[in-house]
Amino acid sequence: MPSLFASYLRVYEPLTAFDRDRQLFWRRYVKEGRAVAPLEGPVRQRTAVIEALGAGWTRLPDLPEEAYVLEADDTLLVCPWNLRVRVAEAALSARDGVPPVLADAFVPPVLAGQAKAVVEDWRSGARVLEHGVPRLHEQIATWGVPLRWFVFVDPEERELTTRPDRRVLRYRTEISKARRRASRGLSVLRKSVGDAPITEAVEEGARWLEEFHPRSVVELDYGGLVDLLPDETLAADDSPELVAAGLAGLSKGDADAATEAYEKLVARWRAVQLLERCN
1 MPSLFASYLR VYEPLTAFDR DRQLFWRRYV KEGRAVAPLE GPVRQRTAVI EALGAGWTRL
61 PDLPEEAYVL EADDTLLVCP WNLRVRVAEA ALSARDGVPP VLADAFVPPV LAGQAKAVVE
121 DWRSGARVLE HGVPRLHEQI ATWGVPLRWF VFVDPEEREL TTRPDRRVLR YRTEISKARR
181 RASRGLSVLR KSVGDAPITE AVEEGARWLE EFHPRSVVEL DYGGLVDLLP DETLAADDSP
241 ELVAAGLAGL SKGDADAATE AYEKLVARWR AVQLLERCN
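What follows is the structure in structure tokens.
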């Protein structure tokens, strides 16, 4: 299971992105006040996945549908959790790096086969026609923020709150803007560094964004990472600016500027990742 010290990249889609049955379900879901706040969601997701994986190990359970909800310009937008896929991913992760005998004891082959089928179906988009929804609406990264995510947002879109009862650092943007930024960044990377890992990572993210409704909203949420960092560090965080500076340096052929920005980013987020070993 991923740590609660994680960041999140989410896509909220308007109800028109879903089929009629899903639209009715989500309207009722919101009307009944069942929507979960992003501050509470990670704990509930983690609990649901752990409980599901401890329930007999014979099949993947049918979990209740939950979502984060956002209202923008009088439009209701929904970010479904897709917990069944999370459970499947966790089941497969539990087998990684474990001797076959132990792996089968923790996750029987039958369950592992079901989990693999669920994950592959969602990654291939095979269930789009069945449920009227695209791939996972939320990506999760533990103990840091993937640098590629910062390509999609702008510093002006930052929301920062450091009250004792509410600590939040997030960016929200229209998906059309995120797509344009991804396209520009990808063009620069292809011309300057070619088929490097960072180019492939940004390209994968760009493809993921293309699967959603054009009126969606993209959210980069620092999640539980805000509890690891002091207020002054959060206030001074300029990761999107550094990514933009690095891309600008590459586009101008200024390798020194690009390298300087990249090294600052790597050092900053490596320090956060190292906190995992102190936990």
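Heads up, the sequence shown is in UniProt numbering, so the first residue is 1 and it goes up one at a time.
Glycine residues also receive a C-beta, built at the ideal position from the N, C-alpha and C atoms.
Identity of the residue in the options nearest residue i by Cα
| i | options | result |
| --- | --- | --- |
| leucine 229 | Leu160, Arg179, Ala117 | Leu160 |
| alanine 6 | Leu92, Asp21, Gln45, Pro108 | Gln45 |
| serine 183 | Val145, Trp208, Arg163 | Trp208 |
| proline 80 | Arg190, Ala35, Asp96 | Ala35 |
| valine 145 | Glu204, Val226, Glu65, Thr162 | Val226 |
| leucine 186 | Leu15, Ala235, Leu247, Arg166 | Leu247 |
| leucine 250 | Lys264, Val87, Glu51, Leu189 | Leu189 |
| valine 272 | Phe212, Arg179, Thr142 | Thr142 |
| aspartate 165 | Leu15, Glu204, Leu39 | Leu39 |
| valine 151 | Leu275, Leu265, Gln23, Trp26 | Leu265 |
| glutamate 65 | Leu274, Ala235, Val78 | Val78 |
| threonine 47 | Val11, Gly223, Ala90 | Ala90 |
| glutamate 203 | Ala178, His213, Thr162, Val110 | Ala178 |
| arginine 181 | Ala261, Ala244, Gly41, Ala17 | Ala244 |
| proline 155 | Ala235, Val69, Arg27, His213 | Ala235 |
| glutamine 139 | Leu275, Val11, Leu4 | Val11 |
| alanine 112 | Asp96, Pro100, Pro99, Leu92 | Leu92 |
| arginine 163 | Glu232, Gln23, Phe212 | Glu232 |
| proline 14 | Arg215, Ala267, Glu260, Glu263 | Arg215 |
| aspartate 121 | Val85, Ala196, Asp21, Val153 | Val85 |
Within 9 Å, strictly: CB atoms of residue i and residue j
| i | j | result |
| --- | --- | --- |
| tryptophan 149 | leucine 220 | yes |
| leucine 83 | valine 49 | yes |
| valine 87 | leucine 63 | yes |
| alanine 72 | tyrosine 29 | no |
| leucine 76 | valine 217 | no |
| residue 307 | histidine 137 | In the structure as shown, the chain starts at 1 and stops at 279, and residue 307 therefore has no counterpart that could be examined. |
| leucine 24 | glycine 224 | no |
Residue range of the unbroken alpha helix (DSSP H) whose run includes residue i
| i | result |
| --- | --- |
| valine 30 | 20–31 |
Where the beta strand (DSSP E) through residue i begins and ends
| i | result |
| --- | --- |
| glutamate 13 | 6–14 |
| glutamate 138 | 138–142 |
| glutamate 157 | Note, glutamate 157: premise wrong, no beta strand (DSSP E); not H, not E. |
| residue 283 | Outside the shown range of the chain (1 to 279) lies residue 283, about which nothing can therefore be said. |
| valine 78 | 75–80 |
| leucine 63 | Run containing leucine 63: none; DSSP gives neither H nor E here. |
Which residue spans inside the stretch 186–259 form an unbroken alpha helix (DSSP H) run of at least 4? Secondary structure within the stretch 186–259: the alpha helix (DSSP H) runs of 4 or more consecutive residues, fully enclosed, are 197–209, 231–236, 239–251 (chain order).
At a cut of 8 Å, does the stretch 226–242 reach the stretch 167–182 through at least three beta carbon pairs? Yes, they touch.
Are the stretch 106–120 and the stretch 199–208 in contact at 8 Å, needing three or more beta carbon pairs? Segments in contact, no.
Given 8 Å, three or more beta-carbon pairs between the stretch 255–275 and the stretch 18–34: Not touching, per the Cβ criterion.
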